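Read the structure below first, then the notes.
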Amino acid sequence: MPTVVTTGETMVLLVPPRPGRLRHQTTLELRIGGAESNVAIALARLGISAGWVGWVGEDELGELVLSRLRAEGIDLSFARKVAQGFTGIYVREMTPTGPRVYYYRKGSAASLLHPGAFDPSYLEGAYFLHLTGITPALSSSAQAYTLWALEEAKRLGVRTSLDVNYRSKLWPPESMKVFLRETIALTDVVFASEEELAVLFGSEREGLSLLAQWGAREILVKRGSRGALAWVAGEVWESPAFFCQEVDPVGAGDAFAAGYLAAALWGLPLEERLRIANAMGAWAVSAWGDYEGLPSREELFAFLENRRDLGR
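Just so we're aligned: the sequence shown equals residues 1065 to 1376 in my numbering.
This is the structure:
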């Protein structure tokens, strides 16, 4: 069984080969992307067995998603192609103000996920179940599914992690806050960006305070170029970011989460978990794509130890 199980929607990504508005592009590259599967891929690259649970359509795009995840070594024992729905698509463009994303996912196969969508015995032996706030925003059944998966994990003694990953195009802030209030007590590790905390709660400080009141045990705040902050049992820890040349910011938060979970699995102290999480985020933004630039464990530790490789 995988050490970490992730579950959520993975979609086909259409992205132009160069920056600029979509209307001026002539070609689009075919890729895949999904917050939960990005985490699974990052963990697999680091040598940690990972599984992804999700539904795609019985279409060629669904086969594309599954074949690329399989190629990354992800266990797909409970990934399914279903006749209802279709495989979601999103299109991305890079503008001077940052990436813009357009989703085509309403009624997708993943939005049909519901409690009992997989055999919870699959979680037995796993150390973490990782989810995000994207899945519950897809539909009422997907929201119930997310809560059910968290409850099943806790019943089996599996630690849980949740990345807030707020998507304003899917639901309003108040709906996200209601969901968080219902589920935070079931979550061992919570990830959020400082921007998300500001949108949802008014400020990072207020967000930390409320999440703690709702039962959060461990909160990780992603601050981009300013590094990261951890709140654990009332104590606050900070860690600086790594300098890197940013090429594409998408996927950095998923890499951060994977780095933190990996370091926890390796039994490393909090300071080192934060450092590894920040390093993974730096690797992610240094290459184009959601996960393509993620390192192996050897590459990660060479980077952390500042070991130079001429590459030729």
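Note that CB positions come from ideal geometry on N, CA and C, so glycine has one too. Small disclaimer: the values here were computed from a predicted structure and weren't measured.
Query	Result
Buried versus exposed, by CB contacts within 10 Å (16 or more), residue 1312	buried
Local Cβ density within 10 Å of residue 1194, reported as buried at 16 or more and exposed below that	buried
Assigned exposure category for residue 1102 - 16 Cβ within 10 Å defines buried	buried
Bridge-paired residues (DSSP) for residue 1262	Note: residue 1262 sits in no beta bridge, so no partner.
Start and end residues, alpha helix (DSSP H) containing residue 1329	1316–1329
Neighbour-count burial assignment, residue 1277, 16 or more Cβ in a 10 Å radius	exposed
Where residue 1362 falls: helix, strand or coil (DSSP)	helix
Proximity test, Cβ basis, 8 Å: residue 1186 and chain C	Considering every chain present, this structure includes no chain C. It has just one protein chain.
Residue closest to residue 1304, alpha-carbon to alpha-carbon, out of 1356, 1252, 1338	1338
Beta strand (DSSP E) runs wholly inside the segment 1246–1316, at least 3 long, in chain order	1253–1257, 1282–1286, 1292–1296, 1299–1303
The segment 1108–1119 / the segment 1245–1256 touching (three or more Cβ pairs under 8 Å)	no
Residue 1279 Cβ short of 7 Å to the ligand GDP heavy atom set	Inclusion of the ligand GDP in the displayed structure is not the case, the ligand content being empty and no account of it being possible.
Residue environment, residue 1207, which counts as buried when at least 16 other CB atoms sit within 10 Å	buried
Residue(s) in a DSSP beta bridge with residue 1241	Answer is none; residue 1241 lacks a bridge partner.
Coil, strand or helix - residue 1175 by DSSP	helix
Proximity of residue 1072 and residue 1099 at Cβ, strictly below 8 Å	yes
Residue 1182, buried or exposed, once every other Cβ within 10 Å from all chains shown has been counted against 16	buried
Proximity of residue 1116 and residue 1104 at Cβ, strictly below 8 Å	yes
CB of residue 1132 within 8 Å of CB of residue 1140, strictly	no
Cβ contact (3+ pairs, closer than 8 Å) linking the segment 1290–1298 and the segment 1221–1239	no
Cβ distance (whole Å) where residue 1323 is taken to contact residue 1341 below 8 Å	4 Å
Buried or exposed (CB count within 10 angstroms, at least 16 for buried), residue 1371	exposed
Any 3 or more C-beta pairs closer than 8 Å across the segment 1144–1160 and the segment 1221–1230	no
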